[in-house]
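So the sequences go chain by chain: A and B.
Last residue of the first sequence: 304 (my numbering), numbering continuous.
Last residue of the second sequence: 203 (my numbering), numbering continuous.
Just so it is clear, CB atoms sit at the ideal spot from N, CA and C, and this is done for glycine as well.
Right, one structure below, let's go through it.
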Amino acid sequence: MAIAHEYEYFAPASLFEATQILSQFGKKAAPLAGGTDLIVFIKEGMITPAAVIDLKRVKDLKALEIKAEGLFLGANTTFSDLVNSQIIKREYRLLWESAHSVASVGIRNRATVVGNICSAIPSMDAAPALLCYDAVVHLISLGSEREVPIQQWFVAPRKTLRKPDEIVAGISLKKPADKHAGIYLKLGRYKGEDLAQAGLGILVTEKWEYRLAFCAVAPIPARASSIEGLLFGKKLNPELILQVQNLIPTEIAPINDIRSSARYRTHICKVMMQRGLPAAVDRLNGVEIDNTGILGG
Amino acid sequence: MAKIRITLNKEKRRLDVETNETLLEVLRDKLGMKSPKCGCDRGDCGSCAVLLSGKSVRSCLILAIECDGVEITTLEGISQDGMNKLQEAFIEFSSFQCGYCAPGVIISATELLKANPHPSLDEIKEALSGNLCRCTGYTPIFDAILAATKKEK
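Below is the structure:
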């Protein structure tokens, strides 16, 4: 199908040039990274930009930097870049597992993490990991820069705090100071390319600090703060997990849609918590866990 | 209209493209490459898969103009010197009926086998999870890929 809508195309070589074009077009510009969402949005008439600004040739936006204290994911970092990194697999397992669960190889080769947070689809797999790692979104516009914590980034489905003249240059993730382990659980309708019916990211530290974040069960991905508060400083036991499960309906706001009913989503979140929390703690203790088998085949 | 240069199946090409033409349209309608198929046209089915610098991508989700200076390989390119073992195995195992999905499946399998010449069945399933087939079913496809990897040993 041809794209009916017409627009100007720009492929700036520098960030400065990109911000200049963006400031000129403002709301009428659409930054393009991987394009796996954007091209569909344009095809379906959901957005009608006057200018498409392709960021792939901006070298400053490419880097995936791995540092002792954390990570920086430049705007052109693809999900395959994460999946193919052994360091990410070893040291950021929660992020790796969420990247690995995104669509299919052919999409992951192109789709970017930054594009994913800009599309802000409620079911986006990367969000629970970014939320658990207290990620910070780095924005650049002509003559200014700012940082937004990922907890504040998502405003509503498909709405973020990005202003029309801003480019998301990248996302930084910080490792917890203490020894920690994480896991991502995703339920889809089938094993393979599917959006999440529910997704849960868990990060636990040796000092029993728990970070938990859901996707696909509320208008925006979010941390489960009351559950984190309940668990803080405590070792897991069956009674505690039951208390956690009882809090889930207050933490999520699922919808009925083609993929699942709200009731089922609530139920599966309880199952995810019951199986995911002990699995994360097992990983903390050095046990090898395959996250894909936890919710069944 | 803009001018771009690409390397298509090892041949350098120059062409004029509209800013809103997808790579799939340009490959099929301007360059005569009929192996990439238009299925869902939104990146879900994998029928339009081609290799961009060796990595499988959905040509329906890429603007042709994005590909200036890029190397593209379609199934026609893979077959330039005759059918390879993977394609022979597809015939041997009757891994297609209508054949619509087959080019995309072979592109995905080609990418997999280059990185991992002897994949497990699970690894094949994962590599092909973005390729939908609605007539053959997947078992003959998996069998063909497994057989092709054994031939290459």
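Alpha-carbon to alpha-carbon, residue j and residue i
i               : j               : result
K186 of chain A : G149 of chain B : 52 Å
L71 of chain A  : L39 of chain A  : 18 Å
K203 of chain B : Q137 of chain B : Bear in mind that the predicted position of K203 of chain B carries a pLDDT of just 44, short of 50, making it unreliable; the figure below should be weighed with that in mind. Going by the C-alpha atoms only, they are around 16 Å apart.
Q93 of chain A  : F86 of chain A  : 13 Å
G119 of chain B : R64 of chain A  : 11 Å
A231 of chain A : S158 of chain B : 38 Å
L291 of chain A : T119 of chain A : 29 Å
Y191 of chain A : K69 of chain A  : 25 Å
P167 of chain B : A133 of chain A : 30 Å
A165 of chain B : A177 of chain B : 11 Å
T123 of chain B : T199 of chain B : 21 Å
Proximal residues to residue i (C-beta, below 6 Å), its chain only, five neighbours per side dropped
i               : result
A197 of chain B : A139
N263 of chain A : A269
S130 of chain A : L202, A203, C222 and A223
V155 of chain A : V144 and L168
Given residue i as reference, the closest of the options once Cα atoms are compared
i               : options                           : result
L138 of chain A : A:E246, A:L254, A:L302 and A:G206 : A:G206
H274 of chain A : A:T257, A:D289 and A:V288         : A:T257
W103 of chain A : A:D67, A:L149, A:A82 and A:L210   : A:L210
L194 of chain A : A:T299, A:K242, A:V112 and A:L284 : A:T299
L48 of chain B  : B:F143, B:V100 and B:E176         : Here chain B covers residues 51 to 203 and nothing more, so residue 48 of chain B does not appear.
G236 of chain A : A:I227, A:P226, A:Q250 and A:P245 : A:Q250
L174 of chain A : A:P164, A:R196 and A:V121         : The sequence shown places Ile at residue 174 of chain A, not Leu. Here the closest residue by C-alpha is A:V121.
G177 of chain A : A:P226, A:L80 and A:I227          : A:L80
Y197 of chain A : B:P169, B:E173, B:S179 and B:K164 : B:S179
A163 of chain A : A:L146, A:P228 and A:A286         : A:P228
L247 of chain A : A:P285, A:Y271 and A:S267         : A:P285
N83 of chain A  : A:V294, A:I95, A:V109 and A:N116  : A:N116
Enclosing beta strand (DSSP E) for residue i [first to last residue]
i               : result
D66 of chain B  : E61 to V67
F161 of chain A : F161 to A163
E235 of chain A : It is not in any beta strand (DSSP E) - E235 of chain A instead sits in the alpha helix (DSSP H) that spans S232 to L238.
Same chain only: Cβ atoms within 7 Å of residue i, ignoring 5 sequence neighbours per side
i               : result
K277 of chain A : Q252 and I255
K80 of chain B  : L65
S144 of chain B : P190
G33 of chain A  : P171 and D172
S233 of chain A : L254, T257 and E258
D193 of chain B : F143
Beta-bridge partners of residue i, as assigned by DSSP
i               : result
S106 of chain B : B:L101
E152 of chain A : A:I147
Residue-chain proximity (residue i, chain E), Cβ-Cβ < 8 Å
i              : result
G93 of chain B : Here chain E cannot be found, since the structure's protein chains are A and B.
Check: residue i C-beta below 7 Å from any heavy atom of the ligand MN
i              : result
I46 of chain A : The model on display carries no ligand, and the ligand MN is accordingly not part of it.
Host alpha helix (DSSP H) of residue i (start-end)
i               : result
R290 of chain A : A269 to L291
T26 of chain A  : L22 to F32
Nonlocal neighbours in the same chain, by C-beta distance under 8 Å from residue i, ignoring five residues either side
i               : result
A260 of chain A : V224, A225 and P226
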